[in-house]
Amino acid sequence: MIYLASSNRHKYEEFRRMLSDIMEVRWIQVDYLEPQSDDLEEVALTSALWLADYLPKPFFLEDAGLFIRALGGFPGPFSSYVFSKLGNEGVLKLMSDVKDREAEFISVIALHTGRELLTFMGRSRGQISTEPRGGGWGFDPVFIPEGSGGRTFGELGEEKDAFSHRGAAVRELRRFIQARGAQLFKNELGSWGAEG
Ligand code: ITT
């Protein structure tokens, strides 16, 4: 079993979907003040270090952001705030006369095993659409990942995991868990692993 610290139910649902075959993911709903930095890894590490005093182990959290090239990487680490203020309509308005639609989603997972603190990163390159399409959450309706045949994250449903930044970061995390062996963690921590 592993804990996810997040305020975001959608993240929890995606992580659970991608990890449930190897371990149970338990959501700890936390709303903490994120440290401000323009570096996602620094935000993830600082948050995990701070939360380590309060949370059971092993736990992980994620800091993610959408980086739009023509806007100098905006909103990047401030994606959550910008989404809550501007929404997809606001971002599309900022992009209305912009030809270069290149953007990238980045996810950094910080994992606290109880002994170590590690990070895993995933990226998804793509384009900002010209209109919102599909469901999902956050910027899903306006982000078209490379290789999706023009579909937005919002139109991909669960297929999103194969294209997403979060999916890529989880694949790194799974590689780490599989290399160490779930059993090893279980012995060390008493709670890790599918059986644990
Ligand atoms: P935490 O409590 O886990 O930090 P959060 O929503 O504040 O939840 P972040 O700080 O990582 O998460 O902010 C990233 C924001 O970027 C998020 O709120 C969304 O608006 C957007 N975002 C990140 N990943 C996304 C995805 O897969 N699909 C759509 N939008 C996403």
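According to our numbering, the stretch in the sequence shown is residues 102 to 297, in order.
Backbone N, C-alpha and C fix where the C-beta goes; we use that ideal spot for every residue, glycine too.
Owing to the predicted nature of the structure, the values given are computational and were not obtained by experimental measurement.
On the DSSP letters alone, give me the boundaries of the beta strand (DSSP E) that residue i sits inside.
i, result
"residue 162", "160-169"
"residue 218", "218-229"
"residue 349", "In this structure the chain extends from 102 to 297, so residue 349 is not present and cannot be described."
Starting from residue i, follow its DSSP beta bridges and name the residues at the other end.
i, result
"residue 106", "129"
"residue 270", "DSSP output for residue 270 lists no bridge partner at all."
"residue 314", "The structure shown has nothing for residue 314, since the chain only spans 102 to 297."
"residue 175", "169"
"residue 203", "228"
Mapping the DSSP letters down to three states, classify residue i as helix, strand or coil.
i, result
"residue 246", "strand"
"residue 191", "helix"
"residue 114", "helix"
"residue 277", "helix"
"residue 288", "Residue placement at residue 288 is flagged as unreliable, the pLDDT there being 44, under the threshold of 50; the coordinate-derived value follows with that caveat. Residue state, collapsed to three classes: helix."
"residue 198", "coil"
"residue 184", "helix"
"residue 119", "helix"
Check for me: the alpha helix (DSSP H) holding residue i runs from which residue to which?
i, result
"residue 146", "141-152"
"residue 255", "254-257"
At the 8 Å Cβ level, is residue i part of the contact set with chain B, yes or no?
i, result
"residue 230", "No chain B appears in the structure shown, which is made up of a single protein chain."
How would the residue list near ligand 1 read, in chain order, if you kept each one whose beta-carbon is closer than 5 Å to any heavy atom? 107, 108, 109, 164, 165, 180, 181, 184, 239, 240, 241
How do the region 112-123 and the region 267-277 stand: do at least 3 beta-carbon pairs fall below 8 Å, yes or no? yes
Determine, using beta-carbon pairs with one atom in the region 152-160 and one in the region 117-137, whether at least three such pairs fall under 8 Å. yes
Taking 8 Å as the cut-off, does the region 235-243 touch the region 255-266 (at least 3 CB pairs, one atom from each stretch)? yes
Taking 8 Å as the threshold, find out whether the region 196-204 comes into contact with the region 135-151 through three or more Cβ pairs. no
Is it true that the region 169-182 meets the region 212-221, where meeting means three or more beta-carbon pairs spaced less than 8 Å apart? no
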